[in-house]
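Comments concern the structure below.
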Amino acid sequence: MQRPELVSVDKYTLDMFMAVLGPKSKINVYHFPAKSDILAKMKTVMNDALADLIIAETPLYFNDLPKDYQTVPRLLQVLDNCKDKPNFYHFVQGVDKSLLTRTVCKKFVKQTTTYPKFPQEIWNEAFVKHCFEHDKTYSWFEQIPRQLQTPEIVSAALEHSLRNIEYAEPKFVTYEVACKLNLVINKDSYMKGLKEYIPAVYYENFQEMTGLPVEFMGGECSFSQLRENRQNFSYCLLGHTCIGFYEKESYPSKYGLLIVTRRTPMSIRPQVIFNRAIGTYHKTWLEKMLADYDSSFVKPTVGKELKEYQTNSYYNVKYLETIAGQKVYANLLMGEPVCYVARTSDGLIYRSTHEKMVNALQ
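Numbers in our numbering are just positions in the sequence shown, counted from 1, shifted up by 11.
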């Protein structure tokens with residue numbers, strides 16, 4: 012049999028194409044020049060056998076087959092062999108929408124993570140369950156109708172990527188997720204566009220409770236963590252007082268500020284007591300700022316018998332309890348415990364939380 016290139020194109024036959032494109036050949040359909048007479052002739056002699064042969068060797072040529080040969084069974088075969096194929100995204104965009112039956116859409120989900128726009132009519136609870144079971148990258152989540160979303164699905168999709176909040180039903184976005192995203196937004200300018208998808212009620216409630224700017228939402232920590240770590244937009248609660256740390260840019264560096272809010276009997280929401288730049292981070296920088304700028308702060312006087320348990324001159328000291336025969340004392344700032352001290356046979360021990368002190372003495 013003569014090779015096709017040795018005869019004129021109009022004499023090419025189906026058998027010639029079958030031989031040239033066969034499994035033992037080193038030639039595939041992409042070796043033919045695009046829009047060439049060869050391809051045009053091939054399509055005029057096309058039959059099911061040749062179409063099957065072509066997609067077996069070059070699956071992504073499916074969209075270039077004559078329309079009569081772009082069938083659901085053949086597309087399913089393509090999807091079975093499409094893994095790790097380059098240019099798959101462009102292939103997906105070119106798939107005839109009439110071929111997107113529920114069976115085909117399920118195959119897409121099972122075999123790939125790159126999807127066409129699924130028809131609305133294929134979405135039901137069974138299809139959502141199929142997506143949830145087979146694609147843990149949640150590439151399908153942006154297409155799922157809001158009425159088919161569940162708390163479980165939204166939680167899993169947001170756990171995988173916070174960017175999925177754009178497609179989530181707001182009532183299923185938890186406060187914990189909102190806080191997590193808010194912290195990410197503070198650090199990553201590329202995520203700021205997602206702020207509009209955080210339910211506004213969370214911001215409103217946070218400000219009603221703390222009086223702090225919304226950037227602080229999610230940044231709650233202990234007093235010792237705030238003082239030592241100084242994370243941007245972190246805050247702690249001491250009774251009715253909120254103490255927040257944040258930073259501002261000042262080329263070529265940045266500087267820290269301390270904001271303090273408190274609810275008063277005359278205010279609906281906590282009021283700002285002071286909001287000032289921090290000078291230096293010495294040992295008692297935070298306590299000194301409270302003493303200097305909060306008019307309600309009173310520096311305590313501690314008796315001699317408790318003096319050894321006082322870790323900071325701005326703290327009051329009181330006996331708290333006895334654990335395993337050891338007396339535990341709390342250091343108080345503005346009436347709230349901020350650290351704990353106990354005397355053991357090895358001397359004084361210090362812990363930042365009550366839980367840690369209990370564990371140390373048991």
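We treat Cβ as the ideally placed atom computed from N, Cα and C, and that holds for glycine.
Taking its Cβ as the centre, do 16 or more other Cβ atoms sit within 10 Å of residue i, making it buried, or is it exposed?
i: residue 52; result: buried
i: residue 273; result: buried
i: residue 277; result: exposed
i: residue 118; result: buried
i: residue 131; result: exposed
i: residue 162; result: exposed
i: residue 370; result: exposed
i: residue 212; result: exposed
i: residue 158; result: exposed
i: residue 309; result: exposed
i: residue 342; result: buried
i: residue 105; result: exposed
i: residue 281; result: buried
i: residue 120; result: buried
i: residue 100; result: exposed
i: residue 221; result: buried
i: residue 351; result: buried
i: residue 18; result: exposed
i: residue 22; result: exposed
i: residue 189; result: buried
i: residue 346; result: exposed
i: residue 348; result: buried
i: residue 262; result: exposed
i: residue 384; result: This structure leaves residue 384 out entirely; the chain is present only between 12 and 373.
i: residue 257; result: buried
Does the distance from the CB of residue i to the CB of residue j come in under 8 Å?
i: residue 313; j: residue 323; result: no
i: residue 223; j: residue 247; result: no
i: residue 194; j: residue 176; result: no
i: residue 129; j: residue 160; result: no
i: residue 179; j: residue 168; result: yes
i: residue 138; j: residue 164; result: no
i: residue 93; j: residue 70; result: yes
i: residue 112; j: residue 148; result: no
i: residue 240; j: residue 197; result: no
i: residue 325; j: residue 340; result: no
i: residue 287; j: residue 269; result: yes
i: residue 74; j: residue 102; result: yes
i: residue 363; j: residue 235; result: yes
i: residue 65; j: residue 32; result: yes
i: residue 81; j: residue 107; result: yes
i: residue 399; j: residue 83; result: As displayed, the chain neither begins before 12 nor continues past 373, which places residue 399 out of reach and without an answer.
i: residue 210; j: residue 181; result: yes
i: residue 122; j: residue 91; result: yes
i: residue 186; j: residue 151; result: no
Identify the residues that DSSP records as bridge partners of residue i: which are they?
i: residue 342; result: 328 and 350
i: residue 362; result: 351
i: residue 257; result: 268
i: residue 246; result: 231 and 255
Throw me the rounded Cβ distance for the residue i and residue j pair, which I believe falls under 8 Å.
i: residue 354; j: residue 297; result: Not really, about 26 Å apart at Cβ, beyond 8 Å.
i: residue 359; j: residue 249; result: Between residue 249 and residue 359 the Cβ distance is about 24 Å, and since that is not below 8 Å, they are no contact.
i: residue 284; j: residue 271; result: 4 Å
i: residue 56; j: residue 25; result: 4 Å
i: residue 255; j: residue 289; result: The pair is not a contact, with the Cβ atoms about 12 Å apart (cut-off 8 Å).
i: residue 29; j: residue 67; result: So it is not a contact: roughly 12 Å between Cβ atoms.
i: residue 225; j: residue 208; result: About 14 Å separates the two Cβ atoms, so there is no contact after all.
i: residue 49; j: residue 20; result: 6 Å
i: residue 217; j: residue 202; result: Going by Cβ atoms, the distance from residue 217 to residue 202 rounds to 19 Å, so no, they are not a contact pair.
i: residue 318; j: residue 330; result: At roughly 13 Å, the Cβ-Cβ gap does not stay under 8 Å, so residue 318 and residue 330 are not in contact.
Can you check whether the C-beta of residue i is within less than 8 Å of a C-beta belonging to chain C?
i: residue 286; result: This model lacks chain C altogether, as it is built from one protein chain only.
- Item | Whole runs of the beta strand (DSSP E) within the stretch 260-338, excluding any shorter than 3 residues | As for any beta strand (DSSP E) of minimum length 3 sitting wholly inside the stretch 260-338, the runs are 264-273, 282-288 and 327-334, ordered along the chain.
- Task: Scan the stretch 64-127 and note each continuous alpha helix (DSSP H) run of 4 residues or more that stays entirely inside, going in chain order.
- Result: 83-91, 99-104 and 113-122
- Task: Let me know the alpha helix (DSSP H) ranges lying completely inside the stretch 20-72, each 4 residues or longer, listed in chain order.
- Result: Here the runs fully enclosed are 25-31, 48-55 and 59-68.
- Message: Going residue by residue through the stretch 137-223, where are the continuous alpha helix (DSSP H) segments of at least 4 residues, counting only ones entirely within it?
- Response: 162-171, 186-198 and 211-221
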